[in-house]
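Everything below concerns the one structure shown next.
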Amino acid sequence: MKTEIFTFDMPENIIANEPANPRDSSKLLHILPNGELKNYTVADLDKLLRPDDVLIFNNTKVIPARLYGKRGEAKIEVTLFKQIDLSKWETLIKNSRRLKINDTIQFTDTFSASVEEKKENGCVILVFNKKGADLMSELHQVGTMPLPPYIKRNRGGKESDKANYQTIYAQQEGAVAAPTAGLHFTPELFERLDNKGIERIFVTLHVGGGTFLPVKVEDTDNHKMHAEFGILTQETADKINLAKKQGRRIVTIGTTSLRLLESATDENGIVHAFSGETDIFITPGYRFKATDVMFTNFHLSGSTLFMLVSAFAGIDRMKQAYAYAIQNNYRFFSYGDACLIEVK
C-alpha cells in the first residue's frame, strides 16, 4: 500500500510536551463500532469496559537510555536503540557522520564507549567499557530518559520525566521508549477496574528506538520493521486462552501489547508462550487473531502505529476520528490523550 494513504494534516501545537496530571485526567475518545465518537476522560474507562473484559498490559521498564558525552572537545548525544549483547548496543547518534571506527566517546572519567561499526541506516554500534549490571548501573547514574524528539526538552531533560515517562506498573527493565498508552493508568483507576472484576494480565515487550523512526519508503511492502524482544509466558498464554474460550473480550493496552500478543497467536487464535524478537508489521488487510478492543494514544501521521490502528478499525474511520480529535483539541503522541477503539 502507498505510504501516503496514512498521512494526515496535523498542527504542531497539539503535540503534548507535558503529561496530564493526574494521569487519568487525559481525554479519552471512545470510537464505537458504528463509527460514533464520544468524549470521556481516561478516568471513565472502568465505566466503558465490560465486567468480564481482560486487559493486556506491557510491563516493560524504560532505562535511562540517553547519554551525553564527548569525543575530544566535540559534544556527542547518544540514544541507545537496541541491545546486542551485555556490552554492545545499536545506537542513534546526532552528527554520527563525524565519528570514525574505533573513536572513543567519554561519558565520565571511568565510563566510555568505542565505535565498532557505522551501519547504512545511520545506526552506530557502540561497545561500552562496562557490561551487564555494571553498564546498567552507569546508565542509571549518568543517563537521562529517552524522550521522543517531538517532546521539547533542554539538554539532559527534566527531573520529572524520570517518573512521568514510566508506567506505574513498569517492572522488567529493558525498553528505550515507553509503552505510552500505559502512562494514563493510576492506582485509583486500577482499583476501580478491580472493583468491577476486570482482569489485568501483563506481558513484556521491550520497546525499541525504532518506534520513533519514520517510514521512508513509498510503499509499505518495502518497509523493514524494527525488531523488539518480548516475553509471554505459558501461564499467561493459558490465562488468555481460557478467557477467549469463555467469550471474554481481550483489550490490548497500547500497540506494544497488541504486537506481542498477535505475534504469539497462531492462525487458529491460540496464544502460545513466546520469548524472542518480533518484527510484526501490521497494515490494513491483517486478520487480528487475539485482539478484540484496543486502547491507545494518538499517533504520528504516516507512522507504523497509525498504520496499525488503521488496520484494526479502517483507514477512513481512523482518519475521521483523528480529524475530530484535532478539531476538539485532543493532545497527541506520548504525553497526549487516548482513544478506546471497538470494532464489534
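If you use our numbering, the sequence shown closes out at 1069, no skipped numbers anywhere. Even glycine gets a Cβ: it sits at the ideal position worked out from N, Cα and C.
Item: Short check: CB of Val928 to CB of Ser982, under 8 Å?; Value: yes
Item: Using the Cα positions of Phe898 and Lys844, report the straight-line distance between them to the nearest angstrom.; Value: The sequence shown places Glu at residue 898, rather than the Phe named in the question. Roughly 26 Å separates the two Cα atoms.
Item: So, for Val771: in the same chain, excluding its five sequence neighbours on each side, which residues have a beta-carbon less than 6 Å away from its beta-carbon?; Value: First, the amino acid is wrong: residue 771 is Asp here, not Val. The answer, listed in chain order, is Arg917, Leu918 and Lys921.
Item: How long is the line joining the alpha carbons of Leu1065 and His755, rounded to whole angstroms?; Value: 5 Å
Item: Just to confirm the assignment: which complete alpha helix (DSSP H) runs, minimum length 4, are found wholly within the region 894-929?; Value: 912-920
Item: For the region 738-804, list the alpha helix (DSSP H) runs that are entirely contained and at least 4 residues long, ordered along the chain.; Value: 770-773
Item: Rounded to the nearest angstrom, what separates Asn783 and Val942 at their Cα positions?; Value: 29 Å
Item: Mind pulling the beta strand (DSSP E) runs of 3 or more residues that sit fully within the region 810-852?; Value: 813-818, 829-831 and 837-843
Item: Report the option in Asp834, Glu841, Gln831 and Leu811 whose CA atom is closest to the CA atom of Lys825.; Value: Glu841
Item: Is the number of C-beta pairs between the region 755-766 and the region 953-973 that are closer than 8 Å three or more?; Value: no
Item: Skipping 5 residues on each side, what residues in its chain have a beta carbon closer than 8 Å to that of Ile965?; Value: Val779, Ile781, Ile926, Ile975, Leu986, Val996 and Ala1015
Item: Where does Met735 sit, in a helix, a strand or coil, going by DSSP?; Value: coil
Item: Opposite Thr869 in the DSSP bridges: which residues?; Value: Arg791
Item: Taking just the CA atoms, how far does Phe1031 sit from Thr1008?; Value: 9 Å
Item: Which partner residues of Asn1022 appear in the DSSP bridge assignment?; Value: Ala1063
Item: Counting only the same chain and skipping the five closest in sequence on each side, list residues whose C-beta sits under 7 Å from that of Glu815.; Value: Phe806, Lys807, Ile809, Cys848 and Ile850
Item: For the region 744-751 and the region 854-869, state whether three or more C-beta atom pairs, one from each stretch, are separated by less than 8 Å.; Value: no
Item: Under DSSP, the alpha helix (DSSP H) around Ser988 begins and ends at which residues?; Value: Thr980 to Ser988
Item: What residue from Lys970, Gly955 and Asn827 has the CA that sits closest to Val932's CA?; Value: Gly955
Item: Only counting the same chain, and skipping five residues up and downstream in sequence, which positions put a Cβ closer than 8 Å to that of Ser988?; Value: Gly955, Phe999, Thr1003 and Ile1005
Item: At which residues does the alpha helix (DSSP H) containing Ser1035 begin and terminate?; Value: Thr1029 to Ala1038
Item: Is the region 1039-1047 touching the region 888-897 in the sense that three or more CB pairs, one from each, lie closer than 8 Å?; Value: no
Item: Determine which residues share a DSSP beta bridge with Lys807 and list them.; Value: Glu815
Item: Tell me whether Asn1022 is buried or exposed, calling it buried when 16 or more other Cβ atoms sit within 10 Å of its Cβ.; Value: buried
Item: Looking at Gln831 and Lys795, is the spacing between their C-beta atoms short of 8 Å?; Value: yes
Item: Using 8 Å as the threshold, is the C-beta distance between Lys786 and Ala952 below it?; Value: no
Item: Between the Cα of Asn879 and the Cα atoms of Lys1069, Asn742 and Lys727, which residue gives the shortest distance?; Value: Asn742
Item: Give the range of the alpha helix (DSSP H) segment to which Thr961 is assigned.; Value: Gln959 to Lys970
Item: Which residues in the same chain have their Cβ closer than 7 Å to the Cβ of Lys819, if we skip the five residues on either side of it in sequence?; Value: Glu802
Item: In whole angstroms, what separates the C-alpha of Asp828 from that of Ser839?; Value: 6 Å
Item: When you compare each of Thr990, Glu1067 and Ser1028 to Met1019 by their alpha carbons, which one comes out closest?; Value: Glu1067
Item: Could you check the C-alpha separation between Lys887 and Tyr1011 for me, to the nearest Å?; Value: 36 Å
Item: Can you give me the Cβ contacts of Lys1069 inside the same chain, cut-off strictly under 8 Å, excluding the 5 residues immediately before and after it?; Value: Pro758 and Asp1017
Item: Using the Cα positions of Phe1057 and Phe915, report the straight-line distance between them to the nearest angstrom.; Value: 23 Å
Item: Are the CB atoms of Arg984 and Asp777 within a distance shorter than 8 Å?; Value: no
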